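Presented below is the structure to which this report refers.
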Amino acid sequence: MKETISLFRTCIEMLRNPSRSFEELRSTPLSRAFAFLLALGAVTAFLTPLQVLLGFEDVNGLHAGGAAEYLAKDLSSMLGLNLFWRIPLIQVLYVVVAAISTGYLHAIFKLARGKASIEDTFRMICYGDAPGLLFGWVPYFATSSAVWAASLQLLLGPIVIYGLSWSKASFIFGLLIGLATIEVAMAA
0 MKETISLFRT CIEMLRNPSR SFEELRSTPL SRAFAFLLAL GAVTAFLTPL QVLLGFEDVN
60 GLHAGGAAEY LAKDLSSMLG LNLFWRIPLI QVLYVVVAAI STGYLHAIFK LARGKASIED
120 TFRMICYGDA PGLLFGWVPY FATSSAVWAA SLQLLLGPIV IYGLSWSKAS FIFGLLIGLA
180 TIEVAMAA
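So for the sequence shown, numbering that gives the first Met the number 0 puts the first residue at 0; every next one is plus one.
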């Protein structure tokens with residue numbers, strides 16, 4: 000229980016002062032970043048199906064805290080699973096999305112001459128997802144929390160963790176957000 004409270008404090012600090020948090024969290028073990036992802040992800044994983052049951056709009060292109068929630072909805076629909084199967088699906092997909100994101104973002108930031116390890120990238124992805132993990136279930140605010148998380152992971156994180164310039168990080172952020180917007184628009 001003590002560790003869970005510590006993880007939630009880390010989340011609050013990430014929301015309050017992300018630059019300092021990224022600096023301090025570079026030295027944490029990868030297992031703690033993984034625990035952060037799963038503990039905070041449990042909030043959205045449990046509350047997303049609940050808010051749907053309460054009659055709020057289901058996850059869609061304009062209402063999703065992140066890729067895991069979106070993919071869990073699609074998978075549960077394709078497989079004909081009950082709404083509550085999304086809880087474990089979201090948790091599993093958080094891990095899958097974090098692993099894939101770590102790989103391709105590390106490659107992108109290295110191409111931009113960033114100076115960080117792949118482990119640092121994993122920490123940046125996990126801790127930078129704090130807004131989406133904590134607020135990704137909130138009806139009509141989930142998209143804002145996803146954009147907030149993306150700005151931490153794709154803009155501030157690369158500046159603090161990789162040492163990229165503001166202009167390089169902004170270019171990469173704009174490019175990736177633009178591609179994601181096109182993907183969502185084409186899927187609708």
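By construction, the Cβ of each residue, glycine as well, lies at the ideal position given by its N, Cα and C atoms.
All figures in this text were calculated on a predicted structure; none of them were measured in a lab.
Exercise. Which same chain residues, not among the five before or five after Glu12, have their C-beta less than 7 Å away from its C-beta?
Worked result: As a position in the sequence shown, residue 12 is number 13, starting the count at 1. Same-chain partners within the cutoff: Ser20.
For this session: Take Arg25 as the anchor and find which of Ala115, Ser169 and Ser150 has the nearest alpha-carbon.
Result: For the purposes of this step, residue 25 is identified with residue 26 of the sequence shown, where counting begins at 1. Of Ala115, Ser169 and Ser150, the residue nearest in Cα terms is Ala115.
Exercise. Taking the alpha carbon of Ser76 as the point to measure from, which residue in Ile117, Gly65, Val58 and Tyr93 has its own alpha carbon closest?
Worked result: For the purposes of this step, residue 76 is taken as residue 77 along the sequence shown, with counting starting at 1. Here the closest residue by C-alpha is Val58.
Problem set entry | Unbroken stretches of the alpha helix (DSSP H), 4 residues or longer, contained in the segment 119-150 | 129-134 and 141-150
For this session: Please state whether DSSP places Lys167 in a helix, a strand or coil.
Result: What you label residue 167 is simply residue 168 of the sequence shown in a count that begins at 1. Of the three classes helix, strand and coil, the one that applies to Lys167 here is helix, per DSSP.
For this session: Go ahead and label Asp73 buried or exposed: buried means 16 or more other beta carbons lie within 10 angstroms of its beta carbon, across all protein chains shown.
Result: On the sequence shown, residue 73 is found 74 positions in, with the first residue counted as 1. Result: exposed.
Problem set entry | 6 Å Cβ shell around Ser144 - same chain, five flanking residues per side excluded | Locating residue 144 in the sequence shown gives position 145, counting from the first residue. Closer than 6 Å at Cβ, skipping near neighbours: Gly64, Pro130, Gly131, Phe134 and Gly135.
Exercise. According to the neighbour-count rule (16 or more other Cβ atoms, all chains shown, within 10 Å of its Cβ), is Leu88 buried or exposed?
Worked result: Translated into positions along the sequence shown, residue 88 becomes position 89. Classification of Leu88: buried, given that the 10 Å Cβ count is 16 or more.
Exercise. Which residue spans inside the segment 36-93 form an unbroken alpha helix (DSSP H) run of at least 4?
Worked result: 66-77
Problem set entry | Cβ neighbours of Ala44 in the same chain (closer than 6 Å, five flanking residues each side left out) | Residue mapping note: residue 44 aligns to position 45 of the sequence shown, counting from 1. The residues are Ile86, Ile89 and Gln90.
For this session: Compare the beta carbon distance of Leu153 and Ile171 with 8 Å and say whether it is the shorter of the two.
Result: Position 154 of the sequence shown, counted from the first residue, corresponds to residue 153. Position 172 of the sequence shown, counted from the first residue, corresponds to residue 171. Cβ atoms of Leu153 and Ile171: closer than 8 Å.
For this session: Could you please give the first and the last residue of the uninterrupted alpha helix (DSSP H) stretch that includes Met13?
Result: Residue numbering aside, residue 13 sits at position 14 when the sequence shown is read from its first letter. Residues Lys1 to Arg15.
Problem set entry | Short Cβ contact (8 Å threshold) for Thr3 with Ala38 | Within the sequence shown, numbered from 1, the residue matching residue 3 stands at position 4. Within the sequence shown, numbered from 1, the residue matching residue 38 stands at position 39. Cβ distance < 8 Å, so Thr3 and Ala38 count as in contact.
For this session: Kindly indicate the opening and closing residues of the alpha helix (DSSP H) around Gly156.
Result: Here the question's residue 156 lines up with position 157 in the sequence shown. Unbroken alpha helix (DSSP H) run through Gly156: Gly156 to Tyr161.
Exercise. Where does Met185 land, buried or exposed, given buried means 16+ other C-beta within 10 angstroms?
Worked result: Along the sequence shown, read from residue 1 onward, the residue named residue 185 stands at position 186. Classification of Met185: exposed, given that the 10 Å Cβ count is below 16.
For this session: Just mark Ala98 as buried or exposed, buried being the case when its beta carbon has 16 or more other beta carbons within 10 Å.
Result: In the sequence shown, the residue the question calls residue 98 occupies position 99. Under this definition Ala98 is an exposed residue.
For this session: Measure the alpha-carbon distance for Leu155 versus Ala34 and round it to whole angstroms.
Result: As a first step, residue 155 is located in the sequence shown; it is residue number 156 there, counting from the start. As a first step, residue 34 is located in the sequence shown; it is residue number 35 there, counting from the start. Near 22 Å, if we compare the C-alpha coordinates of Ala34 and Leu155.
For this session: Report the option in Leu178, Trp165, Leu104 and Glu68 whose CA atom is closest to the CA atom of Pro138.
Result: Taking the first residue of the sequence shown as 1, we reach residue 138 at position 139. Answer by Cα proximity: Glu68.
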